[in-house]
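> Let me begin by handing over the structure; questions about it come next.
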Amino acid sequence: MSCGFDVVVVGAGPGGIAAATIAAEAGLRVCLLDDNRSPGGQIWRGLHPEAARKGPHGRDFVQWTERLRRAECEVWSGWQVIDCAAPGTLRTECEDEVRDVEWRKLIVATGARERFLPFPGWTLPGVAGAGGLQALVKSGLDVRGKRIVVAGTGPLLPAIAAGLSDAGANIIAIYEQAPMSRLLGFGVTLAGYPGKLVEGLGYFRKLRGVFYRTGSWVKRGEGSMRLERVTITDGRSEWSHDCDWLACGFHLVPNLELPALLGCEMADGYVSVDELQQSSVTGVACVGELTGIGGLEKALLEGKIAGWSAAGRENEGHALTKRMSSVRNFARRLDRSVQPAGRPIPRQRVCGPTAAAPHAAGATCTTSGGGRTVQAGRGARAGGR
Amino acid sequence: MLMNQSFSIVVNGRLLRVSEGTSVAAAMMLANEACRVSVRGERRGPLCGMGICMECRATVNGVKHQRTCQVMCTPAMEVVTA
Chain C
28 MSCGFDVVVV
38 GAGPGGIAAA
48 TIAAEAGLRV
58 CLLDDNRSPG
68 GQIWRGLHPE
78 AARKGPHGRD
88 FVQWTERLRR
98 AECEVWSGWQ
108 VIDCAAPGTL
118 RTECEDEVRD
128 VEWRKLIVAT
138 GARERFLPFP
148 GWTLPGVAGA
158 GGLQALVKSG
168 LDVRGKRIVV
178 AGTGPLLPAI
188 AAGLSDAGAN
198 IIAIYEQAPM
208 SRLLGFGVTL
218 AGYPGKLVEG
228 LGYFRKLRGV
238 FYRTGSWVKR
248 GEGSMRLERV
258 TITDGRSEWS
268 HDCDWLACGF
278 HLVPNLELPA
288 LLGCEMADGY
298 VSVDELQQSS
308 VTGVACVGEL
318 TGIGGLEKAL
328 LEGKIAGWSA
338 AGRENEGHAL
348 TKRMSSVRNF
358 ARRLDRSVQP
368 AGRPIPRQRV
378 CGPTAAAPHA
388 AGATCTTSGG
398 GRTVQAGRGA
408 RAGGR
Chain R
41 MLMNQSFSIV
51 VNGRLLRVSE
61 GTSVAAAMML
71 ANEACRVSVR
81 GERRGPLCGM
91 GICMECRATV
101 NGVKHQRTCQ
111 VMCTPAMEVV
121 TA
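One line per chain: the protein sequences are C and R, in this order.
Take the first sequence: its letters are residues 28 to 412, numbered as in this note's numbering.
Take the second sequence: its letters are residues 41 to 122, numbered as in this note's numbering.
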């Protein structure tokens, strides 16, 4: 089956929702498609409108999902892009159905995934990404009373630990591998963004009493049927914790497979875009984490700009670009503070060829199963082992 | 997270009670079952939780290689470790 739209938006996180809503409100025929069961992306995953009103990002969620519902936009949940069938046509699939979707404008908002660094025992059940464990809890995993070690790097760790603690988990410790000096540098940067600073302090207030240590990382995980114990090191000494779960992630990497398939130009691991979010490929815009890891505010703003631009209302888009420089700066500095430097990264390649995942530098360990499969990262840990 | 109804699914032949809105990956972990076993015999469970890493593949209602973190439990669903 094939069908066509003025605008196709891939990825129904905040950036995709904003782009699709603005374009649909402007009178265009819009299709918003996403692999997940409902719109919201990772940050708004599993939010219920009633509960969301009270949460930190809840108001944005309620406002945007409501607006999306009112806009006459087709929303396809549970659909994956698997190929570019022809220029201007995406091949998509959902369970056992395949559709070719033609677009005049394409907005890519595929977001980011966690960066995983391997260590002995990282394949044991009970070892999950930090955001990964959070996602599992949002989809029904009961962690009440479970002992959890949170490790890795990035500003998401305390936020995730606070969320797990709210869900009833016993957070044993948070290990941030970046040294304090680099974090302080980022802290100074954050001071220029009061909203973000207050948010960060809020998480720490919730976690008062939880052991937080910088400059240390997971050496190995052990257990027979599943994870039972985690060993941590600071490069000089080692110590262990008995635990039920290890939530371990090293910040985020953008999901670049689709922009790469489309031939979008990239620089420094992100898609290069102009002021109106347009990539080097005519008709293709990229928004959100694809252009730099910057979170909710940046994604919404870029989504709106791309939506206006797709509707031919560039002036409205330009009016928003003034606010972009501050969120982009934030993204750049964040990136610098969480680079997994400062400790040796394993040299050996732990997974298959990385040809179709150009961002998968060395230890990032994301790999693509099939050369033309957009859903790359397949078999990140599965590759023939 | 508001969960209302609960129902039973079958995990490796055993009944498991889950709440509406529970993903199959979460159910497998609640049942203390591996999602799949690697070719070298290692037990594997969900890693990314968001449909990217393919570690949580299992057989759901007879269909192999389902990413269980992206599939929601439904009444009487049958899941088998792959």
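Beta carbons: idealized from backbone N, C-alpha and C, even for Gly.
It should be emphasised that the depicted structure is a prediction, and the values quoted were computed from it without experimental measurement.
Run down chain C in chain order and give the residues with a C-beta less than 7 Å from the C-beta of A122/R.
The sequence position of residue 122/R within the second sequence is 82, counting from 1. Those do not exist, as A122/R stays about 11 Å from chain C at its closest Cβ, beyond 7 Å.
> Would you mind telling me which residues of chain R sit closer than 8 Å to Q69/C, beta carbon to beta carbon, in chain order?
Counting from one through the first sequence, the residue named residue 69/C turns up at place 42. Simply M90.
> Does the Cβ-Cβ distance between G40/C and G138/C come in under 8 Å?
One-based indexing of the first sequence puts residue 40/C at position 13. One-based indexing of the first sequence puts residue 138/C at position 111. Taking 8 Å as the Cβ cut-off, G40/C and G138/C qualify as a contacting pair.
> Judging by CA-CA distance, which residue of A274/C, A188/C and R256/C is the nearest neighbour of V237/C?
As a working mapping, residue 237/C is identified with position 210 in the first sequence. When each option's Cα is compared against that of V237/C, the closest is A188/C.
> Around the Cβ of M293/C, are there at least 16 other Cβ atoms within 10 angstroms (buried) or fewer (exposed)?
Stepping through the first sequence from its first residue, residue 293/C is reached at position 266. Answer is buried; the Cβ neighbour count reaches 16.
> Among R209/C, W244/C and N197/C, whose alpha-carbon lies nearest the alpha-carbon of L234/C?
Within the first sequence, the letter at position 207 stands for residue 234/C. Among R209/C, W244/C and N197/C, the Cα nearest to that of L234/C is on N197/C.
> Could you name the residues of the stretch 56 to 78 of chain R whose beta carbon sits closer than 8 Å to any beta carbon of chain C, in the order they occur along the chain?
If the cut-off is 8 Å between Cβ atoms, the stretch 56 to 78 of chain R has V58, S59, G61, T62, S63, A65, A66, A67, M69, L70, N72, A74, C75 and S78 near chain C.
> Is it true that the CB of T119/C sits closer than 8 Å to the CB of I109/C?
The residue labelled residue 109/C in the question sits at position 82 within the first sequence. The residue labelled residue 119/C in the question sits at position 92 within the first sequence. Yes; because the gap between Cβ atoms is below 8 Å, this pair is in contact.
> How close, in whole Å, do the beta carbons of G319/C and R359/C come, if the pair is a contact with beta carbons under 8 Å?
Here residue 319/C is taken as the residue at index 292 of the first sequence, counted from 1. Here residue 359/C is taken as the residue at index 332 of the first sequence, counted from 1. At roughly 7 Å, the Cβ-Cβ gap stays under 8 Å, so G319/C and R359/C are in contact.
> Just checking my contact of V35/C with V128/C at CB under 8 Å: how many whole Å lie between their CB atoms?
If you number the first sequence from 1, residue 35/C lands on position 8. If you number the first sequence from 1, residue 128/C lands on position 101. Correct: roughly 6 Å between the Cβ atoms.
> From the DSSP output, in three-state form, read off S353/C for me.
Translated into positions along the first sequence, residue 353/C becomes position 326. Of the three classes helix, strand and coil, the one that applies to S353/C here is helix, per DSSP.
> Check the Cβ of R64/C against every Cβ in chain R and list those closer than 8 Å, keeping chain order.
Numbered from 1 along the first sequence, position 37 holds the residue referred to as residue 64/C. Simply Q110 and M112.
> Does E324/C come out as helix, strand or coil in the three-state DSSP assignment?
Against the first sequence, residue 324/C aligns to sequence position 297. It is helical.
> For C113/R and I49/R, which I take to be in contact (beta-carbon distance under 8 Å), what is that distance rounded to the nearest angstrom?
Looking up residue 113/R in the second sequence gives position 73. Looking up residue 49/R in the second sequence gives position 9. Rounded, the Cβ-Cβ distance is 5 Å, consistent with contact.
> Any idea if H105/R is buried or exposed, counting beta-carbon neighbours within 10 angstroms, 16 or more meaning buried?
What you label residue 105/R is simply residue 65 of the second sequence in a count that begins at 1. Label assigned to H105/R: exposed.
> CB-CB under 8 Å to L163/C, same chain, minus the five flanking residues each way: which ones, in chain order?
The sequence position of residue 163/C within the first sequence is 136, counting from 1. A155.
> At a Cβ threshold of 8 Å, is M252/C touching chain R?
Position 225 of the first sequence holds residue 252/C. Yes, M252/C lies at the interface with chain R (some Cβ there is under 8 Å from its Cβ).
> Distance, Cα to Cα, A299/C vs S306/C?
Within the first sequence, numbered from 1, the residue matching residue 299/C stands at position 272. Within the first sequence, numbered from 1, the residue matching residue 306/C stands at position 279. Just to set this straight, residue 299/C is Ser in the shown sequence, not Ala. Their backbone Cα atoms lie some 6 Å apart in a straight line.
> If you draw a straight line from the C-alpha of R94/C to the C-alpha of E101/C, how long is it?
The residue you call residue 94/C lines up with position 67 of the first sequence. The residue you call residue 101/C lines up with position 74 of the first sequence. Going from the Cα of R94/C to the Cα of E101/C covers about 13 Å.
> Is there at least one non-hydrogen atom of the ligand ATP closer than 7 Å to the beta-carbon of R56/C?
Of ligands this structure carries none, so the ligand ATP is not represented either.
> Leaving out five residues on either side along the sequence, give the residues of the same chain with a beta carbon under 6 Å from the beta carbon of T258/C.
As a working mapping, residue 258/C is identified with position 231 in the first sequence. Once the five neighbours on either side are set aside, the close Cβ partners of T258/C are K246, R247, E265 and S267.
> Could you give the DSSP three-state label for D61/C: helix, strand or coil?
If you number the first sequence from 1, residue 61/C lands on position 34. Strand, per DSSP.
> Report the rounded CA-to-CA distance for G53/R versus R96/C, giving the unit in angstroms.
Residue numbering aside, residue 53/R sits at position 13 when the second sequence is read from its first letter. Residue numbering aside, residue 96/C sits at position 69 when the first sequence is read from its first letter. Rounded to the nearest angstrom, the two C-alpha atoms are 41 Å apart.
> For G102/R, which residues in the same chain have their Cβ closer than 7 Å to its Cβ, ignoring the five residues on either side in sequence?
Taking the first residue of the second sequence as position 1, residue 102/R is located at position 62. None.
> Of all the residues that make up the stretch 165 to 179 of chain C, which are near chain R by a beta-carbon distance shorter than 9 Å?
The residues in question are K165, S166, G167, L168 and D169.
> Which residue comes first and which comes last in the beta strand (DSSP E) that contains S29/C?
One-based indexing of the first sequence puts residue 29/C at position 2. Per DSSP, S29/C belongs to the beta strand (DSSP E) from S29 to V37.
> Is the beta carbon of T180/C sitting closer than 8 Å to the one on F88/C?
In the first sequence, counting from the first residue as 1, residue 180/C sits at position 153. In the first sequence, counting from the first residue as 1, residue 88/C sits at position 61. No, these two residues do not count as a Cβ contact at 8 Å.
> Rounded C-beta distance between G167/C and G195/C? I'm assuming under 8 Å.
Mapped onto the first sequence, residue 167/C falls at position 140. Mapped onto the first sequence, residue 195/C falls at position 168. Contact flag wrong, Cβ pair sits at about 13 Å.
> One question on the structure: do G153/C and W272/C come within less than 8 Å of each other, judged by their Cβ atoms?
Translated into positions along the first sequence, residue 153/C becomes position 126. Translated into positions along the first sequence, residue 272/C becomes position 245. It is a contact, given that the beta carbons lie within the stated cut-off.
> Which residue's Cα is closest to the Cα of G321/C: H345/C, L279/C, G334/C and V311/C?
As a first step, residue 321/C must be located in the first sequence, where it is residue number 294. Checking every option, the nearest Cα to that of G321/C belongs to L279/C.
> In angstroms with no decimal places, state the Cα-to-Cα distance between A53/C and A338/C.
On the first sequence, residue 53/C is found 26 positions in, with the first residue counted as 1. On the first sequence, residue 338/C is found 311 positions in, with the first residue counted as 1. C-alpha separation (whole angstroms): 6 Å.
> Going by beta carbon distance, what residues of the same chain come within less than 7 Å of R64/C, once the five residues before and after it are set aside?
For this step, residue 64/C is matched to residue 37 along the first sequence. Correct list, in chain order: S104 and G105.
> In the structure shown, what three-state DSSP assignment does L273/C receive?
Within the first sequence, residue 273/C is the residue found at index 246, counting from 1. Correct three-state label for L273/C: strand.
> Determine the extent of the alpha helix (DSSP H) in which W91/C is found, giving its start and end residues.
If you number the first sequence from 1, residue 91/C lands on position 64. G85 to R97 is the extent of the alpha helix (DSSP H) around W91/C.
> How big is the Cα-Cα spacing for R76/R and D61/C?
In the second sequence, the residue the question calls residue 76/R occupies position 36. In the first sequence, the residue the question calls residue 61/C occupies position 34. Using only the alpha carbons, I get a separation of about 25 Å.
> Give me the chain R residues within the contact set of R247/C, using Cβ-Cβ distance strictly less than 8 Å, ordered along the chain.
Taking the first sequence and counting its residues from 1, one reaches residue 247/C at position 220. Chain R residues near R247/C: none, gap ~15 Å exceeds 8 Å.
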